Structure formats: structure tokens, C-alpha cells
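This note's numbering puts the first residue of the sequence shown at 231, with every later residue one more than the last.
Cβ coordinates follow ideal geometry from the N, Cα and C atoms, glycine included.
In this text, all values refer to a predicted model and were calculated from it rather than measured experimentally.
First up is the structure itself, then whatever we jot down about it.
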Amino acid sequence: MTTNKRQSFFDSLERKNKEVLASVWHHFLNNDEQLYGYKDDKIIKKSVIAQQEFYKNNQPDFTKIMSDAFLIHPSVLNTEINSVQDFKKIASIGKDNEWITKQVAAVKEIVSSYNGDIASIYNIFAPAYYFRLKFDMVDKDRHKFPHLVEEDPYLFSLALEKIADDITILVEKLIQEARIDGIYLCVQSVQNPSFSEESYRKYIEPSQLRVLNAANQLSEYNVLHICGFEGRVNDLQHFSHYPVKAVNWATFVENVTLEEGKKIFPGKAILGGFDNTAQGALYKGVADEIEKQTRDIIAHNGKAGLLLGADCSVPKDIDFKNIKLAATIANQI
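Structure follows, in C-alpha cells:
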């Protein structure tokens with residue numbers, strides 16, 4: 231494999247690559263540390279060191295830096311939201327808030343440890359996703375998000391714009407100051423059959439495209455992640471027009487193969503192919519099955535514009551050698 235993995239990543243997003251790169255990622259902190267760690271410099275340092283060690287020990291072909299310790303926007307995290315009227319309490323935190331300044335500094339430390347050898351993209355949640363995380367992880371209510379969003383999507387959209395004000399600033403600083411190569415923007419459908427595509431485009435999509443367009447102003451190498459975490463199914467067509475170089479979706483959750491997805495996202499590079507769960511071949515580490523799946527992926531999609539990875543974050547205790555095996559096999563074909 232070439233020593234210039236960073237350029238090979240860019241070539242892959244341009245669909246001009248001669249080889250196939252591979253990587254997976256996982257969280258490094260427990261849930262409370264992920265949520266509230268930004269208030270504690272020791273927790274932030276713990277995340278930085280863990281991600282630096284992950285690179286040193288595993289030498290991935292490229293990486294998605296995790297937003298552990300900065301998982302949820304503070305206004306969303308620290309506001310009690312039980313009715314649509316509570317969306318009015320959401321406010322921008324401004325460019326000098328510690329959630330932004332400490333996050334940029336932490337990511338800069340992580341990126342600098344790569345010495346320019348690999349490309350790095352950074353996990354950015356779409357504004358709406360912060361609310362879903364809050365309701366799921368803090369409130370323990372999976373139904374709150376679709377219920378409140380459907381009840382008053384207009385009020386929700388106003389809150390999203392406040393969040394987008396800050397996330398666009400964060401993205402700009404991450405690219406310009408922390409020197410990430412692009413963002414990995416996480417989006418989801420509302421997962422409510424009665425919430426129409428028209429409503430999604432009118433109330434939720436504008437804030438997502440604001441963030442993406444801010445990133446595109448400074449970097450060409452941005453990736454869209456349509457998140458199927460915990461079995462949530464999305465309408466991939468909702469996102470077919472998003473201006474990104476590559477797309478990653480949960481092939482096993484959505485029941486949409488990479489080959490089928492290429493028809494939904496023509497002209498885009500694709501990232502993924504493997505189940506991210508403990509039931510998947512990558513986690514189980516069965517070499518024959520990894521080889522079979524890798525050969526099938528290449529047979530159906532070719533190498534151009536392909537980055538091997540998983541549907542989403544993998545379990546912490548996965549053996550990274552398994553994804554390296556997939557890359558080795560891919561480049562022998």
C-alpha cells in the first residue's frame with residue numbers, strides 16, 4: 231500500500247484511487263464523559279490521548295475523529311425540553327464559548343499527532359441530531375424527538391438555526407485552525423411516517439445544508455453519514471442531493487447495499503460495506519467471512535471511489551487487524 235495515504239484518501243473521494251483504503255472508529259469515553267466532558271479538562275485530555283494512541287497503535291489508512299467530550303451542543307444538553315415551547319429556550323452560545331474553543335484545541339492536538347501522514351475528518355452532528363441525542367441519552371425517551379418535531383416543526387426549525395449559527399463557526403475553526411481535512415456530517419430522517427419529505431426539506435434540511443455549505447467553502451473533502459444507529463431506518467433519497475464527495479450509510483440496517491446506494495448517490499464516493507455491530511464479520515474476526523465480504527464488495531462496486539469501513543461506530547474492543555485484513559485483500563484483487 232502506498233505510503234501517501236493522505237493523498238490516496240483524497241483520490242478516493244475524487245474516485246481516482248488506485249488502491250482501497252480502510253478504517254473504522256469507536257467511542258473512547260463513557261456516556262457521561264461524552265456528554266459533559268467539555269467541562270473537565272482532564273476528560274478532554276483523556277479523549278485526546280486515547281485518540282492519539284488509537285492512531286499510534288493501529289495505523290489506520292484514514293480516520294474520523296470522534297467528538298467525545300463534546301457530544302451535544304450545550305444549549306440543547308442543558309435545557310429541559312418537554313414541550314414545543316421549550317424550543318424557544320435554545321440559544322446560540324457564541325464563538326468564544328468553551329465548548330467551541332476547547333473542542334478546536336483538542337482536535338488540533340489530535341490532528342497534529344498524525345504528522346500529515348493520513349487524512350482526518352471530524353464528526354459533526356447536524357443541528358437536529360443534537361436534540362435526538364439529548365432525548366435518547368439524557369431523557370431516555372426515544373419517542374420524544376419525532377413527537378415534538380411533528381407537533382411544531384416551525385418552532386423546531388427556529389431552534390435549529392440557533393444551533394447552526396454555532397456549528398458553522400465550529401466547522402470553520404476546525405478546518406482553518408485544527409486543520410481537519412473535512413467533516414463527517416451525521417444526519418437522520420425523523421423516523422415518523424406522518425412527517426413528510428416536504429416538511430423535512432422545509433424545516434430540518436436548511437440547517438443541515440448551512441453546516442455543509444460552510445464546510446464546503448473551506449474543504450472539498452466532506453462526507454455525509456446517514457446514521458442507522460440502533461436500527462433506525464432512514465429514507466436515503468432525502469439526502470441524494472446533498473453536496474458531498476462521499477456518503478456512508480448503514481447498509482445492513484437500511485437493507486441497501488453499496489451497489490444499490492451508488493444509484494441513489496450517483497457520482498459520489500462510498501464509504502462502508504461492513505456491519506458495525508458485534509454480530510458482524512469485522513467484530514467476530516472470522517478471516518474467511520471477512521475475505522468473502524471484501525471480495526463481494528469489490529466485485530459489485532469496483533475499487534474506484536470505494537473506502538472500506540463500517541455502517542457506524544464499532545464496539546470499543548474490536549480488533550483493528552480485521553479491517554486491515556479487508557484492505558489487504560481488497561488490494562490483492
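What is the DSSP secondary structure of residue i, reduced to helix, strand or coil?
i	result
residue 313	coil
residue 231	Residue placement at residue 231 is poorly supported in this model, since its pLDDT is 48, which falls under 50; the coordinates still yield a value, given next. Residue 231: coil per DSSP, three-state reduction.
residue 273	helix
residue 444	helix
residue 548	coil
residue 397	helix
residue 455	strand
residue 412	strand
residue 196	Only positions 231 to 563 of the chain appear in this structure, which leaves residue 196 out of reach.
residue 557	helix
residue 341	helix
residue 425	coil
residue 350	strand
residue 477	strand
residue 417	strand
Quick check: what's the CA-CA separation for residue i versus residue j?
i	j	result
residue 401	residue 272	24 Å
residue 431	residue 477	19 Å
residue 473	residue 283	33 Å
residue 316	residue 509	40 Å
residue 435	residue 355	13 Å
residue 235	residue 451	14 Å
residue 231	residue 561	Caution is warranted here: a pLDDT of 48 is assigned to residue 231, below 50, making its placement in the model unreliable, and the coordinate value is therefore given only provisionally. Their Cα atoms are separated by approximately 8 Å.
residue 313	residue 378	7 Å
residue 183	residue 304	The requested residue 183 is not part of the displayed model; the chain covers only 231 to 563.
residue 200	residue 302	Given a span of 231 to 563 for the chain in the structure shown, any question on residue 200 remains unanswerable.
residue 330	residue 297	11 Å
residue 449	residue 409	10 Å
residue 260	residue 241	35 Å
residue 309	residue 237	43 Å
residue 385	residue 391	10 Å
residue 289	residue 346	13 Å
residue 480	residue 507	11 Å
residue 364	residue 307	6 Å
residue 380	residue 527	38 Å
residue 264	residue 555	30 Å
residue 437	residue 357	7 Å
residue 247	residue 328	39 Å
residue 440	residue 397	9 Å
residue 360	residue 544	20 Å
residue 470	residue 460	22 Å
residue 388	residue 444	19 Å
residue 339	residue 353	15 Å
residue 520	residue 557	10 Å
Write down the C-beta distance between residue i and residue j rounded to the nearest angstrom, noting that I regard them as a contact closer than 8 Å.
i	j	result
residue 464	residue 426	About 15 Å; that fails the 8 Å criterion.
residue 334	residue 442	About 19 Å; that fails the 8 Å criterion.
residue 245	residue 491	That pair is no contact at about 14 Å.
residue 300	residue 268	5 Å
residue 411	residue 350	6 Å
residue 580	residue 274	Because the chain here runs from 231 to 563, residue 580 falls outside it and cannot be looked at.
residue 494	residue 466	5 Å
Enumerated in chain order, which unbroken segments of the beta strand (DSSP E) with a length of 3 residues or greater are wholly contained in the region 238 to 302?
-> 292 to 295
Are the region 235 to 254 and the region 286 to 305 touching by the rule of at least three beta carbon pairs closer than 8 Å?
-> yes
Can at least three beta-carbon pairs, one atom from the region 362 to 372 and one from the region 422 to 438, be found at a separation below 8 Å?
-> no
The region 546 to 556 touching the region 501 to 518, judged by at least three CB pairs closer than 8 Å | yes
Continuous beta strand (DSSP E) assignments of at least 3 residues falling wholly in the region 483 to 549 | 499 to 504, 536 to 540
Between the region 477 to 495 and the region 519 to 536, do at least 3 Cβ pairs fall closer than 8 Å?
-> yes
Does the region 497 to 509 come close enough to the region 534 to 548 that 3 or more CB-CB pairs lie under 8 Å?
-> yes
Would you call the region 274 to 288 and the region 373 to 390 in contact, with 3 or more CB pairs under 8 Å?
-> no
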